[in-house]
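Note that the UniProt record's numbering has the sequence shown beginning at 1, numbered continuously upward.
Built from N, CA and C at the ideal position, the CB exists for glycine as well.
Below is one structure; the comments refer to it alone.
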Amino acid sequence: MLHFSPEEFEGRKARLIARMAEDKLDALMLFAQESMYWLTGYDTFGFCFFQCLVVKSDGEMRLLTRSADLRQARNTSTLETVVVWRDRSGADPLIELRDMLDDMDLLGAKIGVEWATHGLTAANGKALEERLGSFASLRDASYLVSTLRSVKSPAEITHVREAARLADDAYEIARPLIKSGADEGEILAAMQSEILRQGGDYPANPFVIGSGPDALLCRYKSGRTRLKEDDQLTLEWAGVKAQYHAALIRTFILGSPSDRHLELHAAAVEALEAMEKVMRPGSTFGDVFDAYAGVMESHELVRHRLSACGYSLGARYAPTWMDTPMFYAGNPAEILPNMTLFGHVIIMDSDTGTAMTLGRTYLTTSGAPEPFSKLPLDLDLLG
């Protein structure tokens, strides 16, 4: 099943080949599953084992993978040539990759490599240098495809809009369940079930849920608790469609909010609105962070804030839906139209045990960013 038209994939390949020409690359070795999916539609979690998609400057593409992913590639992608390396004692897929490159007339070529990806382990990267270092001239091309992926096509934006609708629907399903005595597992089950029921996908990382002191955590962890009469619950989740993510984050208050909750929520809204004012062409990702950090400083929250306030989103695979570029201090990456960006404010006041989070996914335009979510930014107060 392809989620995009053949013309869409041809357009992406043309953009990639043009960038390769600018960088004077004869070929590119792709190891990021996101890159393979974007370029061909190839959809798998088989990147936990060695695989490589080779793209030549003339447009030829060959995938080297295991037998388990042979039919996966044929059923989900535009790829015509799939080469299988066989699992066996003493198997060395890097030698088979070298043989494939030789068959593609790439001896002595300038080849870009996606080094910075979960799809290429340190051990395989070291072996790649050992096996291919004298075969070709290897160049770092880790962010070539991810830079292209960061600007979305109209077809991609359609999937993100659907993902955002699913995220909103998951919120509406969860909200009535968030009450004293509720099991966190029931809330998670309802949210994920609603997304899957409507044809969505599993996310690239687990939803984050935590109540009480765990509301101050930023990551999923094992173990469930029940909500108390006066409690705080932090949820971070994403709707996912065709592997495209649209994330949301917020903190829910059961019972009466403390004065600190109200203070932190007001600061979070102010910070998010400040980020929106600069999340537009002409600004950088670092500028967005500076807007966020300025508000945090004005509220004396520097000790309680994080050192990043969001990132690019798109089609992502495990272990995380976080993509590049990110909003952090000094990041020179430019904001361009048609990016899908998750802006968040996460305030964790360990002094008082108070959590406050607020964030949503945006589409950048020629002017102000458009929030995908239809949900208000009001503090979620529940009985």
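_Boundaries of the alpha helix (DSSP H) in which lysine 56 is found, first to last residue_ = For lysine 56, no alpha helix (DSSP H) encloses it; the enclosing beta strand (DSSP E) starts and ends at 52-56.
_Just list the residues that DSSP pairs lysine 110 with in beta bridges._
For lysine 110, the pairing in a beta bridge is given by DSSP as Ser137.
_Alpha carbon of isoleucine 335 to alpha carbon of valine 160, nearest angstrom_ = Cα to Cα, isoleucine 335 sits roughly 18 angstroms from valine 160.
*3 or more residues per run - each beta strand (DSSP E) lying fully within the segment 282-368*: The qualifying runs are 310-312, 323-326, 340-349, 354-363.
*DSSP three-state assignment for histidine 265, whether helix, strand or coil*: Here DSSP, grouped into helix, strand and coil, assigns histidine 265 to helix.
*Taking the continuous beta strand (DSSP E) assigned at glutamate 236, which residues delimit it?*
It spans 231-241 - the beta strand (DSSP E) in which glutamate 236 sits, taken as one unbroken run.
*Of all the options Val113, Glu129, Ser67, which has the alpha carbon lying nearest to the alpha carbon of isoleucine 95?*
Here the closest residue by C-alpha is Glu129.
*Run through DSSP, which three-state label would phenylalanine 207 get?*
In the displayed model, phenylalanine 207 falls within coil according to three-state DSSP, outside both helix and strand.
*Taking just the CA atoms, how far does serine 256 sit from glycine 310?*
Taking the CA atoms as reference points, glycine 310 sits about 29 angstroms from serine 256.
*Given 8 angstroms as the limit, is there contact between the segment 240-247 and the segment 357-376, that is, 3 or more CB pairs closer than that?*
Judged by Cβ distances under 8 angstroms, the segment 240-247 makes contact with the segment 357-376, as three or more pairs qualify.
*Where does the unbroken beta strand (DSSP E) through isoleucine 178 begin, and where does it stop?*
Isoleucine 178 -> no beta strand (DSSP E), and no H or E assigned at all.
*Less than 8 angstroms between the CB atoms is what I'm expecting for threonine 76 and glycine 41, so what's the real figure, rounded?*
Right, their Cβ atoms sit about 6 angstroms apart.
*Drop a sphere of 10 angstroms on the beta-carbon of glycine 199, count the other beta-carbons inside from all chains shown, and report buried for 16 or more, exposed for fewer.*
By the neighbour-count rule (16 or more Cβ atoms within 10 Å), glycine 199 is not buried but exposed.
*Go ahead and pull the three-state DSSP assignment for leucine 73.*
The sequence shown places alanine at residue 73, rather than the leucine named in the question. For alanine 73, the secondary structure class from DSSP, reduced to helix, strand or coil, is helix.
*DSSP bridge partner residues for alanine 27 (one or two, in chain order)*: As computed with DSSP, alanine 27 is found in a beta bridge with Lys56, Ile111.
_Only counting the same chain, and skipping five residues up and downstream in sequence, which positions put a Cβ closer than 7 angstroms to that of methionine 36?_
The residues are Leu30, Tyr42, Leu53.
*serine 312, buried or exposed, once every other Cβ within 10 Å from all chains shown has been counted against 16*: Buried is the call here.
*Would you decide whether aspartate 105 is buried or exposed? Buried here means 16 or more other CB atoms lie within 10 Å of its CB.*
Exposed: under 16 other Cβ atoms inside 10 Å.
_Same chain, Cβ closer than 8 angstroms to asparagine 331, five either side skipped, listed in chain order_ = Within the same chain, Thr284, Phe285, Gly286, Phe289, Pro325 come within 8 angstroms of asparagine 331 by CB-CB distance, once the 5 residues on both sides are set aside.
*asked:* For the beta strand (DSSP E) containing threonine 251, name the first residue and the last one.
replied: If you look at threonine 251, you'll find it in the beta strand (DSSP E) that goes 244-254.
*Determine the extent of the alpha helix (DSSP H) in which arginine 62 is found, giving its start and end residues.*
Here arginine 62 belongs to no alpha helix (DSSP H); instead the beta strand (DSSP E) covers 61-65.
*Let me know the secondary structure DSSP gives glutamate 80 once reduced to three states.*
Glutamate 80 sits in coil when the DSSP states are folded into three classes, being neither helix nor strand.
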